């Protein structure tokens, strides 16, 4: 199969009925446990449609997605690594359906928040961005976790991700001094703290900055996932955070599986770091004495993790 052309297997025609609305685009594999929270979060923020590419799920994800009337569902069994780690697939479906619309490209374990998002939905946010002549929204990954060992952090059916993982780091992040990325954290957080610090690994910890929201220009706007944009993008003063829910009970097992598959960036080297640490310390927990409980977008603004443009509505 051409890695740039996943096959549509069903879903809504809502995209055709509602031109100009906001699309959420993503690629997934075996994310059944996180999907209900993911869908509910973006519906609550006012997203009208989901363009999702399933890459070989075998644990209920497809069946759940086929029941959703606002999901346009694609599937492929091709190599995730050969598709630029899913970027070819998400770019392809966005180009089919969403050129000239606002597109939010996220992983299933990422929930966007931004200043005043409790009252300010995505349609109003993007209207503000257009008034400010912005074409993208800059953000970063904010890893979320529970007070329990990661291997014991179970998300039950019907539970919300934020109820299970309500904590985050506030003072372990770093940013460059200059340039547009100086407005968001680039490195740090619990993944660096737990899996990199003091371990002398030969590669750096995860890069956290992303541009998940774009006024989709067509073509191939992203160079490396949403971490690097090759298209010309204009930002204004607002930033976002992608609440990142990797630290659930399935993570240690998933890390071993991704090491075996070798389909992630650079031979899944990050997953080697995760898997080896869990083997050393099966009861590893991200919670520590400086952990902060999530208090909504206001809390992240107070902690300096979000920024709001002076003209951003509430």
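In my numbering, the protein residues as written are 36 to 349.
Glycine residues also receive a C-beta, built at the ideal position from the N, C-alpha and C atoms.
All of these numbers come straight from a predicted model, not from anything done at the bench.
Run of the beta strand (DSSP E) containing residue i, from where it starts to where it stops
i, result
"residue 106", "106-110"
"residue 5", "In this structure the chain extends from 36 to 349, so residue 5 is not present and cannot be described."
"residue 258", "257-259"
Residues of its chain near residue i, where Cβ-Cβ distance is below 6 Å and the 5 sequence neighbours each way are ignored
i, result
"residue 156", "80, 81"
"residue 217", "210, 211"
"residue 304", "238"
"residue 291", "310"
"residue 344", "271, 272, 273"
"residue 149", "275"
"residue 133", "58, 251"
"residue 318", "184"
"residue 182", "322"
Close beta carbons around residue i, own chain, < 8 Å, minus the five adjacent residues each side
i, result
"residue 38", "With a pLDDT of 48 at residue 38, under the threshold of 50, the predicted position of this residue should be treated as unreliable, though the coordinate-derived value follows. Correct list, in chain order: 111, 113, 114, 117, 118, 123, 124."
"residue 254", "130, 266"
"residue 178", "203, 204, 224, 225, 226, 279, 281, 282, 321"
"residue 66", "73, 92, 96, 143, 144"
"residue 207", "223, 224, 225, 227, 228, 325"
CA-to-CA distance, residue j to residue i, given in whole angstroms
i, j, result
"residue 108", "residue 233", "43 Å"
"residue 312", "residue 184", "13 Å"
"residue 287", "residue 196", "18 Å"
"residue 309", "residue 180", "15 Å"
"residue 36", "residue 259", "Here the model assigns residue 36 a pLDDT of 34, short of 50, so the residue's position is not dependable and the matter cannot be decided."
"residue 154", "residue 89", "32 Å"
"residue 84", "residue 315", "42 Å"
"residue 158", "residue 92", "31 Å"
"residue 58", "residue 295", "33 Å"
"residue 341", "residue 249", "18 Å"
"residue 235", "residue 167", "44 Å"
"residue 171", "residue 164", "8 Å"
"residue 78", "residue 128", "20 Å"
"residue 242", "residue 264", "14 Å"
"residue 323", "residue 229", "11 Å"
"residue 87", "residue 346", "33 Å"
"residue 102", "residue 246", "30 Å"
"residue 175", "residue 40", "29 Å"
Beta carbon proximity, residue i to chain C, threshold 8 Å
i, result
"residue 183", "Absent here is chain C; the protein component of the structure consists of one chain."
Sheet register partners of residue i (DSSP bridge)
i, result
"residue 59", "85, 139"
"residue 275", "174"
"residue 209", "222"
"residue 147", "277"
"residue 42", "110"
"residue 203", "179, 327"
"residue 346", "Beta-bridge pairing links residue 346 to no other residue."
"residue 227", "BP columns for residue 227 are empty, so no partner."
"residue 264", "257"
"residue 133", "Per DSSP, none; premise fails for residue 133."
"residue 244", "175"
"residue 249", "138, 171"
Per-residue burial, residue i [other beta carbons within 10 Å of its own, 16 or more giving buried]
i, result
"residue 189", "exposed"
"residue 227", "buried"
"residue 339", "exposed"
"residue 44", "exposed"
"residue 136", "buried"
"residue 72", "buried"
"residue 332", "buried"
"residue 186", "buried"
"residue 285", "buried"
Run of the alpha helix (DSSP H) containing residue i, from where it starts to where it stops
i, result
"residue 188", "It is not in any alpha helix (DSSP H) - residue 188 carries neither H nor E in the DSSP assignment."
"residue 100", "96-101"
"residue 287", "286-296"
"residue 119", "From DSSP, residue 119 is part of no alpha helix (DSSP H); its letter is neither H nor E."
"residue 165", "157-166"
Own chain, CB closer than 7 Å to residue i, minus 5 neighbours either side, in chain order
i, result
"residue 169", "269, 270, 271"
"residue 349", "151, 154, 155"
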